[in-house]
Amino acid sequence: MPKMTICRFVSPAGIKCHKLASSPNHYCSEHIDHESEYLAKRKKWSDKHTQNYYRNYNKTQRVRNETKLEQDKFYRNKQWKNGLRPAVLERDNYLCQYCMSHGRMTPGKIVDHTIPYEFDPSKRDDVRNLATICAACHTGKTRWEQEYYGTGAGNDLKNVAAVPDIKYLPDFMDSAKTQ
C-alpha cells in the first residue's frame, strides 16, 4: 500500500483540500492536474537555492584567501584536469595507494597530494607527490593533515618535517571507521 499524504491543493478562497494523495504524488485524484505545476515550482526554487549555496560557499570557503584562490585555480586548469589527474589515476590503476600500503585493494577516484598543497605549494604539480586515494582514506588523511601539518580553515601551518612517502603514514581506513 503506498504512503498517503494530505492533498496540497488550496482553493483561491484559501480552503484546503483534505483528501488523501498517494505517494509520490502531492495532490489527490481530483486535483492531480496541479502536480506538474507544483513540481516545476519546487525544482525552480531548489535550483535557485542550490546555486546560491554554492556561490556563497565558493566566496566564503573555497576562495577565502589568496592561497585558497590559487589552489582553486590550479584544480580547475587544464594541466590538472587533462594531464596530472588522469595520468596519476592511470599510473595507479584507479587503486587507493594508501590502502595498498596496508595490504588492501580498494578502488579510488580521488588524486591526493601526499604532502599537502597548502603546506608545500612547490610540489603541486610533482607527479611523485600525487597518489590515488579512496574517499574513506581521503577523509582520514585530511584529518591527519590538519593535526600534523596544521592545514585547513582556522589552522596555522606548523613547522614540521614533510612526510613524502605513503608507507610512513598511518592507516587512514582505521581512523575513518573510529570517527
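When the letters of the sequence shown are read in order and numbered with the numbering used here, they come out as residues 274 to 452.
Heads up, the beta-carbon is just placed ideally off N, CA and C, and yes, glycines get one too.
Predicted, not measured: the structure shown is a model, and the values here were computed from it.
Item	Value
Span separating the alpha-carbon of H291 from that of W318	25 Å
R397 Cβ short of 7 Å to the ligand ADP heavy atom set	With respect to small molecules bound, the structure shown includes none, and the ligand ADP cannot be examined in it.
Simplified DSSP state of A435, which is helix, strand or coil	coil
Through-space distance from F282 to I288, alpha-carbon basis	8 Å
V361, enclosing alpha helix (DSSP H) - first and last residue	358-364
Spatial distance of C410 from E391 (CA atoms)	19 Å
Residues bridged to S296 (per DSSP)	According to DSSP, which records beta bridges pairwise, S296 is partnered with nothing at all.
Simplified DSSP state of K414, which is helix, strand or coil	helix
Three-state class that DSSP yields for D385 in the structure shown	strand
Three-way DSSP call (helix, strand, coil) for L312 in this model	helix
Helix, strand or coil at L430 according to DSSP, with G and I counted as helix	coil
Spatial distance of M277 from E303 (CA atoms)	15 Å
Expected contact under 8 Å - CB spacing of I388 and K382 to nearest Å	The Cβ separation is near 21 Å, so there is no contact.
Among A434, V400, D393, C372, nearest to K440 - alpha-carbon criterion	C372
Member of Q419, K414, V433 whose CA lies at the smallest distance from the CA of G443	Note on residue identity: the sequence assigns Pro, not Gly, to residue 443. When each option's Cα is compared against that of P443, the closest is K414.
Three-state class that DSSP yields for M277 in the structure shown	strand
Delimiting residues of the alpha helix (DSSP H) encompassing T405	Looking at the DSSP string, T405 is not in any alpha helix (DSSP H); the run it does join, the beta strand (DSSP E), is 403-406.
Length of the line joining the Cα atoms of D320 and S374	42 Å
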